[in-house]
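Each residue of the sequence shown is one higher than the one before, counting from 7 in the numbering used here.
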Amino acid sequence: MIRSRRRFLWLATGGVALSSRAWAENYPARPVRLIVPMAPGTSPDAIARLFCQWLSQRLGQSFFVENRPGAGLNLATEVVVRAPADGYTILLSSLTNAVNATLYDNLSFNFIRDIVPVAFIGDNAFVMVVTPSLPAKTVPEFIAYARANPGKINMASGGNGSAPHVFGELFKEMAGVDLVHVPYRSSFYPDLFSGQVQVAFTAIAGSLAFLKDGKMHALAVTTANRSGVLPDVPAIGEFVPGYEASAWLGMGAPKDTPAEIIATLNREINAIASEPEIKTRLAGLGIEPRPMTPAALSRFIASETDKWAQVVRVAHIKVD
């Protein structure tokens, strides 16, 4: 009797495993929603829609964007954390998730624990720009000028804890300069053009037109290597060894999502990012693809979370 019961249980659990595997192998069997923490029309939203279009074509099922901006991007993340772990709700993740892990004290989730890495889309280089009236035209000149004028250079950002803010704080720490942070709730470009603020770390895609018009001057890009969009602009790391900052984008899913589904999405997203047409379109949006396995992305996110946690703590950054 006991032996028969054990055999029944073994068959039952084995059947569940086989059913789960078959279910994962048939993925996707219905539309998949990609939760985007940013508003429609933003650069990340455009990138998300581009990948949804290609995923739909390659996998024969609809992938669609659902915008959930708000709460410092935490709202969208929580939607995915609470979603079923079935591969039908995925998240457009980013540097902000790594920063928020330390920036917010009372999150209802743990990004590293509750979101499983799916795929890395690419690095989003920012550029260190200055108002044209500033006498410094190179990073070494800027550092020398800032050290000679401590507390007299205003650094604009999109708000406390934003990418422009933490990138600037990392520069301050590594270059040994004293800059005054000025957070903005709207665009800081007009004040940068006029010289009311003198420096900012901003996305390349949104800066190109202003750089071409001479409304601001590019000193260096934030990524480890030079950007193909601004090939003549050096990297900050060429003057401040070890400096590197990227507003990277990736995709994640709820923890316990079947490994087979993660593998399928990773393979397809990496293949899409390698397409020449996609590379060109991503470059226009400031993104340089860098395919990763889920395991490599997991290590990368853990490293980024630790890195920006130190910046948040040293700079005593608090949310608005």
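Cβ coordinates follow ideal geometry from the N, Cα and C atoms, glycine included.
Note that the structure is a prediction, hence the values are computed from the model and not measured.
Could you give the first and the last residue of the continuous alpha helix (DSSP H) run that contains residue i?
i, result
"Phe216", "Leu214 to Lys218"
"His171", "Ala169 to Ala181"
"Leu303", "Pro300 to Val320"
"Ala279", "Ala265 to Ala279"
"Val86", "Asn80 to Arg88"
"Ala162", "Looking at the DSSP string, Ala162 is not in any alpha helix (DSSP H); the run it does join, the beta strand (DSSP E), is Ile159 to Ser163."
"Lys285", "Pro282 to Gly290"
"Pro50", "Ser49 to Leu65"
Check whether the Cβ atoms of residue i and residue j lie closer than 7 Å to each other.
i, j, result
"Pro34", "Gln67", "yes"
"Ala107", "Phe173", "no"
"Ser39", "Phe70", "The sequence shown places Arg at residue 39, rather than the Ser named in the question. Going by C-beta atoms, Arg39 is nearer than 7 Å to Phe70."
"Ala289", "Gly234", "yes"
"Thr2", "Leu79", "Residue 2 lies beyond the residue range present for the chain, which begins at 7 and ends at 326; the question has no answer from this structure."
"Thr311", "Ala104", "yes"
"Val183", "Ile149", "yes"
"Val86", "Pro260", "yes"
Assign residue i to one of two classes, buried (16 or more other C-beta atoms within 10 Å of its C-beta) or exposed (fewer than that).
i, result
"Ala209", "buried"
"Glu175", "buried"
"Val42", "buried"
"His322", "exposed"
"Ser114", "exposed"
"Pro247", "exposed"
"Pro123", "buried"
"Asn130", "buried"
"Val320", "exposed"
"Gly47", "exposed"
Measure the alpha-carbon distance for residue i versus residue j and round it to whole angstroms.
i, j, result
"Glu266", "Glu31", "7 Å"
"Leu61", "Asn160", "44 Å"
"Ala45", "Glu72", "10 Å"
"Ala224", "Ile268", "39 Å"
"Ala301", "Asn272", "11 Å"
"Tyr94", "Phe132", "32 Å"
"Thr144", "Ser49", "28 Å"
"Thr229", "Arg88", "33 Å"
"Pro146", "Val325", "31 Å"
"Ser163", "Lys313", "20 Å"
"Ala277", "Arg305", "21 Å"
"His187", "His171", "8 Å"
"Ile121", "Lys218", "40 Å"
"Pro297", "Leu303", "9 Å"
"Pro295", "Ile242", "20 Å"
"Leu81", "Met180", "32 Å"
"Ala315", "Pro138", "33 Å"
"Lys285", "Met257", "17 Å"
"Ala77", "Leu97", "15 Å"
"Ala215", "Val203", "19 Å"
"Lys178", "Leu185", "7 Å"
First and last residue of the beta strand (DSSP E) that includes residue i?
i, result
"Arg39", "Val38 to Val42"
"Ile293", "Ile293 to Pro295"
"Glu72", "Phe69 to Asn73"
"Ile96", "Thr95 to Ser100"
query: Considering only residues of the stretch 103–154, which uninterrupted beta strand (DSSP E) runs meet the minimum length of 3 residues and lie entirely inside it, listed in chain order?
result: Entirely contained in the stretch 103–154, the beta strand (DSSP E) runs reaching 3 residues are, in chain order, 121–130 and 132–136.
message: Threshold first: 3 residues or longer. Then list the beta strand (DSSP E) segments lying entirely within the stretch 185–269, N to C.
response: Entirely contained in the stretch 185–269, the beta strand (DSSP E) runs reaching 3 residues are, in chain order, 185–189, 205–209, 223–227 and 255–260.
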